[in-house]
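Engineer:
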Amino acid sequence: MALPTILPIAFIVRRWKLLNRKDLAVYFIMGTENCKNENPLHLLEEALQAGITIFQLREKGKQPLVGKELEQFAMKCKALCKQYQVPFIINDDVDLALKIDADGVHVGQDDAPLQEIRKKFQGKIIGVSVHNEEEMMNAVKWGADYVGIGPIYETKSKPDAKKPEGVTFLKKARNMYPDFPIVAIGGITPMNAKEVLESGADGVAVISAICDSGNRKETVQLLKGFKLIEKKEFT
1 MALPTILPIA
11 FIVRRWKLLN
21 RKDLAVYFIM
31 GTENCKNENP
41 LHLLEEALQA
51 GITIFQLREK
61 GKQPLVGKEL
71 EQFAMKCKAL
81 CKQYQVPFII
91 NDDVDLALKI
101 DADGVHVGQD
111 DAPLQEIRKK
121 FQGKIIGVSV
131 HNEEEMMNAV
141 KWGADYVGIG
151 PIYETKSKPD
161 AKKPEGVTFL
171 KKARNMYPDF
181 PIVAIGGITP
191 MNAKEVLESG
201 ADGVAVISAI
211 CDSGNRKETV
221 QLLKGFKLIE
231 KKEFT
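For the record, in the sequence shown the residue sitting at position 182 is 182 according to the UniProt record's numbering, with numbers rising by one throughout.
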């Protein structure tokens, strides 16, 4: 069996400088169809005011924004994130991310090869969804700045999501790469975030936990509070 490729320490350190692990603490993902009857920009600003640490625009659904409309909306989201000094990530659409000069892009296993994206996206954050050891090793090898692992629990936000796997692979990934930035996603709420963080995640990625919250400031602070508790326990 072939041994995993071990990357030079200098290469790994250089890549990770684009993103601090603490930036993943509360990773908010949203598109216009997640907002129901609420103004998406108002919702985003409320989440930013509440203290999210990174934002990903994921414009999916039955009637997503496209073309110029999407570009204009993305620019407004970018401006809000810049105002609050929060990294702005685009889901999947590398061309859009390049066009509007987003801080980064998040891709899945079915998108373009990571090494090709990295060539286009020098000096920007690249996140990758991974589900097993091989995908994890390839993400690190080809220059990902962080990985997203999930779905941890059952989620209604993504109808085509894979079967929930709990925290088993998350723990394994953390053991493989003790210092690599990892965010967990899928059905995470303030009630189960502590288990996820204790299993090795640097932060939690959420959609409905914030979009559907009646008190977003409290929700974000609860998610952050679990992270602060987790750090205190393990220092």
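Note that CB positions come from ideal geometry on N, CA and C, so glycine has one too.
Would you mind working out which of A50, D23, L24, N20 sits nearest S213, comparing C-alpha positions?
Structural biologist: Here the question's residue 213 lines up with position 213 in the sequence shown. It is A50.
Engineer: Return the CA-CA distance between Y153 and G123, expressed in angstroms with no decimal places.
Structural biologist: In the sequence shown, the residue the question calls residue 153 occupies position 153. In the sequence shown, the residue the question calls residue 123 occupies position 123. The straight-line gap from Cα to Cα measures roughly 33 Å.
Engineer: Would the segment 166 to 186 and the segment 133 to 147 be scored as touching if the rule is three or more Cβ pairs under 8 Å?
Structural biologist: These segments touch.
Engineer: Per the contact definition of three or more C-beta pairs closer than 8 Å, is the segment 93 to 104 in contact with the segment 124 to 140?
Structural biologist: The segment 124 to 140 vs the segment 93 to 104: in contact.
Engineer: Just to check, is the beta-carbon of K78 closer than 7 Å to a non-hydrogen atom of the ligand FAD?
Structural biologist: Absence of the ligand FAD from the depicted structure is noted, as is the absence of any ligand whatsoever, leaving it without description.
Engineer: Where do the N-terminal and C-terminal ends of the beta strand (DSSP E) with H106 fall, by residue?
Structural biologist: For this step, residue 106 is matched to residue 106 along the sequence shown. Where H106 is concerned, the enclosing beta strand (DSSP E) stretches over 104 to 107.
Engineer: Taking its Cβ as the centre, do 16 or more other Cβ atoms sit within 10 Å of K66, making it buried, or is it exposed?
Structural biologist: Position 66 of the sequence shown holds residue 66. A small fix is needed here, since residue 66 is Val in this sequence, not Lys. Exposed.
Engineer: I think S199 touches K224, with their Cβ atoms under 8 Å apart; what is that distance to the nearest whole Å?
Structural biologist: Position 199 of the sequence shown, counted from the first residue, corresponds to residue 199. Position 224 of the sequence shown, counted from the first residue, corresponds to residue 224. About 18 Å separates the two Cβ atoms, so there is no contact after all.
Engineer: Based on Cα-Cα distance, which residue from M176, D110, D111 lies nearest to V140?
Structural biologist: As a working note, residue 140 is residue 140 in the sequence shown. Residue M176 is the option with its Cα nearest to V140.
Engineer: In three-state terms, what does DSSP make of N91?
Structural biologist: The residue labelled residue 91 in the question sits at position 91 within the sequence shown. Three-state DSSP puts N91 in a strand.
Engineer: Should L44 and M30 be called a contact, given that it needs their Cβ atoms to be closer than 8 Å?
Structural biologist: Here the question's residue 44 lines up with position 44 in the sequence shown. Here the question's residue 30 lines up with position 30 in the sequence shown. Cβ atoms of L44 and M30: closer than 8 Å.
Engineer: So within the segment 112 to 151, which uninterrupted beta strand (DSSP E) runs reach at least 3 residues, ignoring any that extend past its ends?
Structural biologist: As far as the segment 112 to 151 is concerned, its whole beta strand (DSSP E) runs of at least 3 residues are 125 to 130, 146 to 149.
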